[in-house]
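Here my numbering is used: the first residue of the sequence shown is 5, the next is one more, and so on.
Ideal Cβ placement from N, Cα and C applies to all residues, glycine included.
If you're wondering where the values come from, they're calculated on a predicted model, not measured in any experiment.
Here's the structure we're looking at; comments come further down.
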Amino acid sequence: MKNFIYLFLFISFLSVSFSNENTIIFAQGEGYSKYKIFHQEEISNYNVEISLSPINPVVGQQIFSIYISDLNSKEPLENLIVNVYATPLFDDKKKTAPALSSPSMKGYYQAIFRMEKAGNWVMDFEIDDGVNINNISEQIEIFERNRTLNSGDFSYGFIAMQVIFIGGLGYVFYAARRRRRKLNS
5 MKNFIYLFLF
15 ISFLSVSFSN
25 ENTIIFAQGE
35 GYSKYKIFHQ
45 EEISNYNVEI
55 SLSPINPVVG
65 QQIFSIYISD
75 LNSKEPLENL
85 IVNVYATPLF
95 DDKKKTAPAL
105 SSPSMKGYYQ
115 AIFRMEKAGN
125 WVMDFEIDDG
135 VNINNISEQI
145 EIFERNRTLN
155 SGDFSYGFIA
165 MQVIFIGGLG
175 YVFYAARRRR
185 RKLNS
């Protein structure tokens with residue numbers, strides 16, 4: 005029996021070690037946030053870099069981090085009013101959120117949205133410096149939430165649970181047969 009457990013643990017270790025996808029999974033809102041660059045644009049005298057977290061946008065919370073710097077001096081700009089608008093494609097229900105700045109991270113503005121619908125959304129970023137209002141529009145696709153590591157039908161967790169279940173049934177039958185033989189002898 006001990007050999008069976010060691011063999012099972014060894015096979016489990018090998019299957020995880022040699023999987024072709026090295027992925028760390030965190031529940032949304034937990035762990036550290038990873039950002040990907042969503043859009044970059046030079047507009048007026050600004051260089052605007054918009055990043056998005058989570059890296060693969062799914063239904064739920066989306067965090068937009070907007071870095072605004074001067075085009076010539078490359079210095080981060082403060083005291084701007086940045087508003088972000090999200091509209092589902094072919095829908096009139098516009099969501100809005102102010103992008104708030106942080107004194108510790110100069111030039112960064114952050115807006116958080118809760119997007120409940122999968123599909124394409126139009127994102128509008130409005131930058132107001134008190135004199136001019138500049139707009140950036142970009143489209144984003146929000147995916148349905150699923151529990152797989154990739155977009156396949158089966159996740160590693162599902163497969164692992166099936167192996168554990170079948171292994172448990174096999175052990176019960178094996179132990180019952182061994183016990184029956186012991187009682188018969």
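Residue 92 is positioned such that its CB atom lies no closer than 8 Å to that of residue 64. By the Cβ criterion, the stretch 43–52 is in contact with the stretch 138–149, since at least three pairs of Cβ atoms, one from each stretch, lie closer than 8 Å. Spanning the alpha carbons of residue 15 and residue 166 requires a straight line of approximately 14 Å.
When the five nearest sequence neighbours on each side are left out, the beta carbons in the same chain lying within less than 8 Å of the beta carbon of residue 143 are those of 93, 124, 125, 126 and 127, in order along the chain. Note: residue 61 is not bridge-paired with any residue in the DSSP secondary-structure output. Residue 176 and residue 12 have their C-alpha atoms roughly 15 Å apart. For residue 162, no beta strand (DSSP E) encloses it; the enclosing alpha helix (DSSP H) starts and ends at 160–188.
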